[in-house]
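**Student:** Just passing along the structure, written as structure tokens.
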Amino acid sequence: MSAVEELAVDRTPPVDGDRRGARLARRWLVFGWPAAWGAALGAALFLVARDAMPDDGLISLSFARNLAEHGQWAITTGIETNTATSPLNVWMLAALHIATGYRAVVAAAVLLCVSLALVGLGLRRLGGAPAAVLGPALLATSPVFTSSLGLETYLAAAVLVWLLVQAAEGRWSTAGVLVGASYLARPDLVIPAVVVVLVLAVTSRRRLLLALPLGAAVVAPWVLFSWVHFGSAWSNSVAVKWANGSWGGETLTVPGYWWGTFPGPALTIAATLVAGGVAVAVAAWRRQWDAAAIGLGGAAHLGALACTETPPIEYYLGPSIAGLATALLLVTARGPRWALAVPTGILAGCVVLSVAHGPLWAEGLAPMRQNIATVAEYRAIIAELPTDGVVMGGEIGSYAFYCQDRVPECHVVDPVLSDPGRVDGLVSRWRRFHPGWEVNYRYYRVPPPVPVRYRVDLGDPDHQPGDWPITRAPGVHQWGRLSPEPDPMVPR
């Protein structure tokens, strides 16, 4: 071989390597930055709002801690209960809890960052750079989402966006897996998931219909395990939420409650839903079936909530807002440049609200907070709970999460979620009104209620010695009190 030939042979690999490097660089420019942008927004949000995590978010973290540390499906350590609405969220948090050295709050931050990174990536593939910039920012500032840290709201949005990506690209197998994941993320998320598949199957890709039976197959192992082991194929939280019903006639879709209680957030919610509804019509007219599908999914979810007496809890609106906001982003990103002013205006409103909320974040008060006390106040209460008996508390998330730091001395239960013997009252009511589902309870067994020795009452306006201060709302200060009273549910 001549020197010229040897030189030619020696130079070939570096040229190929340079080409591979160039391709990787191009991929980063196209896809890497949306993930980094979403993750950065998640990290910033968590730094600002970590002290304002809602009690329901701490319920999810309590499930995750017990699963990771004790192998128990429980809110309160040692008391197994089938009331986790989102198994997928619990599994992800439990895995991250272990991966982060058993730091559950850090696990919640990581899952938030990953979820928003996935939203950014998915929107980049669907709507280009404008959607990838505005989408994660809108979710990271929407008061519905910022008031639900620790819950499955962001994870559900990521599942929904990536289901749309896979369905729009005709990948029925991965779409089917994500349909199953939607049910495991939260049962009502299956409504927009099925709508997305059906709309795209009817309008463009018939093979997508195969995603529906595949999704059922993905869910089947957990459903069968839950049916036999827990006595119900679905979480008992479904019965709890149904039995609780509205709050004195106030339901999730009654505007009066939102305007009177959270006027600023209500305005951004209404703007998102209305603009998203208009975007669905525009998408259908332009035959942008992916945007129409996700928007119709969000609208169907909202319609299903309107048909029930769902109480006005903000994070229930998460899938509706995620679906309609995604439709809005896709339609405006594909239209004239001035159209982007609509989602940009909504984003600006959300940012202004978040900034105006200011010091209330540090005080533990989220924009749409509905808990009785702040996380810090609950921690102070839990540090002083007696250790010679079980304590009955109301909002079980904070109690259970911080009591795990004092196990085995600290034991708490609540009337509706943590103790199966008490949950049964609401499950029995559900069964009376839904006799056609009795087969679901073939293996249902009810343990006796856990006996309690003390009760914590929150919300008293009058102070007595030994009471704990609590902050019901900005400027609304009340008191919590420990009472050594017998449990009326357990005969003495």
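Counting in the numbering used here, the sequence shown runs from 24 upward without gaps.
We treat Cβ as the ideally placed atom computed from N, Cα and C, and that holds for glycine.
Using the C-alpha atoms, what's the distance from proline 488 back to valine 202?
**Tutor:** 54 Å
**Student:** What are the complete beta strand (DSSP E) segments, minimum 3 residues, inside the segment 308-380?
**Tutor:** none
**Student:** What's the gap between the Cα of alanine 31 and the Cα of glutamate 192?
**Tutor:** The predicted position of alanine 31 is uncertain, since its pLDDT is 43 and thus under 50; a value taken from the coordinates is nonetheless stated next. If you take the alpha carbons of alanine 31 and glutamate 192, they lie about 42 Å apart.
**Student:** Would you mind sorting cysteine 433 into buried or exposed? The rule is 16 or more other CB atoms within 10 Å of its CB.
**Tutor:** buried
**Student:** Would you call cysteine 373 buried or exposed, if buried means 16 or more other Cβ atoms sit within 10 Å of its Cβ?
**Tutor:** buried
**Student:** Which value, in whole angstroms, describes the spacing of the CA atoms of alanine 72 and tryptophan 384?
**Tutor:** 6 Å
**Student:** In or out: alanine 152 buried (at least 16 other Cβ within 10 Å) or exposed?
**Tutor:** exposed
**Student:** Within the continuous beta strand (DSSP E) that includes serine 506, where are the two ends?
**Tutor:** 499-506
**Student:** Less than 8 Å between the beta carbons of aspartate 74 and valine 398, yes or no?
**Tutor:** With a cutoff of 8 Å on beta-carbon distance, aspartate 74 and valine 398 are scored as near each other.
**Student:** Around the C-beta of histidine 252, are 16 or more other C-beta atoms found within 10 angstroms, so that it is buried, or is it exposed?
**Tutor:** It is exposed - the Cβ of histidine 252 has fewer than 16 other Cβ atoms within 10 Å.
**Student:** If we count the other Cβ atoms within 10 Å of its Cβ and call it buried at 16 or more, is alanine 323 buried or exposed?
**Tutor:** Buried: at least 16 other Cβ atoms inside 10 Å.
**Student:** If you run the structure through DSSP and keep just helix, strand and coil, what is valine 436?
**Tutor:** strand
**Student:** Which word fits glycine 268, buried or exposed, when buried means at least 16 other C-beta atoms lie within 10 angstroms of its C-beta?
**Tutor:** exposed
**Student:** Going by DSSP, what residues sit across from leucine 481 in a beta bridge?
**Tutor:** Gly503
**Student:** Please name the residue or residues paired with proline 492 in a DSSP beta bridge.
**Tutor:** DSSP, once it has assigned bridges, lists Trp502 as partnering proline 492.
**Student:** Helix, strand or coil for glutamate 103? Go by DSSP, reduced to three states.
**Tutor:** Looking at glutamate 103 - three-state DSSP - the assignment turns out to be strand.
**Student:** With a floor of 4 residues, list each alpha helix (DSSP H) that falls wholly inside the segment 234-276, ordered by position along the chain.
**Tutor:** 234-248, 260-267
**Student:** Candidates Thr106, Ser85, Leu84, Leu162: which alpha carbon is nearest leucine 64's?
**Tutor:** Leu162
**Student:** Spatial neighbours of glutamate 29 within its chain, please: CB distance less than 8 Å, with the 5 preceding and 5 following residues excluded, ordered by chain position.
**Tutor:** In this prediction, glutamate 29 scores a pLDDT of 43, lower than 50, which makes its location untrustworthy; the coordinate-derived value is nonetheless stated afterwards. Result list for glutamate 29: empty, nothing under 8 Å.
**Student:** What would DSSP say about leucine 232, mapped onto helix, strand or coil?
**Tutor:** helix
**Student:** Once the 5 residues before and after valine 275 are set aside, which same chain residues still bring their CB inside 6 Å of it?
**Tutor:** Looking at the sequence shown, residue 275 is not valine but leucine. Once the five neighbours on either side are set aside, the close Cβ partners of leucine 275 are Leu328, Thr333, Pro335, Tyr339.
**Student:** Mark alanine 396 as exposed unless 16 or more other C-beta atoms lie within 10 angstroms of its C-beta, in which case mark it buried.
**Tutor:** buried
**Student:** Just to confirm my understanding: we take valine 219, look at its own chain, exclude 5 residues before and 5 after, and list those with CB closer than 7 Å. What are they?
**Tutor:** Leu186, Leu187, Ala190, Ala316, Ile317, Gly320
**Student:** Pop quiz: tryptophan 491 and glycine 503 are said to be a contact at Cβ under 8 Å. What is the actual Cβ separation, rounded to whole angstroms?
**Tutor:** 4 Å
**Student:** Taking the alpha carbon of valine 305 as the reference point, which residue from Pro236, Val261, Ala350, Arg148 has its own alpha carbon closest?
**Tutor:** A check of alpha carbon separations from valine 305 across Pro236, Val261, Ala350, Arg148 identifies Ala350 as the nearest.
**Student:** Could you tell me which whole alpha helix (DSSP H) segments of length 4 or greater appear in the segment 172-227?
**Tutor:** 176-191, 195-208, 213-226
**Student:** Mind checking proline 507: buried by the 16 CB within 10 Å criterion, or exposed?
**Tutor:** exposed
**Student:** Alpha carbon to alpha carbon, how far is proline 470 from isoleucine 292? Give it in angstroms, no decimals.
**Tutor:** Roughly 42 Å separates the two Cα atoms.
**Student:** With a 10 Å radius around its C-beta and 16 neighbouring C-beta atoms as the bar for buried, classify glutamate 175 as buried or exposed.
**Tutor:** buried
**Student:** With which residues is alanine 87 paired in a DSSP beta bridge?
**Tutor:** Paired residue(s): none; alanine 87 is not in a bridge.
**Student:** Taking just the CA atoms, how far does aspartate 437 sit from valine 479?
**Tutor:** 10 Å
**Student:** Quick one: is aspartate 411 buried, meaning 16 or more other Cβ sit within 10 Å of its Cβ, or exposed?
**Tutor:** exposed
**Student:** Between which residues of its own chain and valine 222 is the CB-CB distance below 7 Å, once the five residues before and five after are set aside?
**Tutor:** Counting only Cβ-Cβ distances below 7 Å, and skipping sequence neighbours, we find Trp312, Ala315, Ala316, Leu319.
**Student:** Report yes or no: do the segment 441-448 and the segment 104-117 share at least 3 C-beta pairs separated by less than 8 Å?
**Tutor:** yes
**Student:** Given a threshold of 16 other Cβ atoms within 10 Å of its Cβ, counted over all protein chains shown, does aspartate 211 qualify as buried or as exposed?
**Tutor:** buried
**Student:** Can you find the residues in the same chain that come closer than 7 Å, C-beta to C-beta, to arginine 43, ignoring five residues on each side of it along the sequence?
**Tutor:** none
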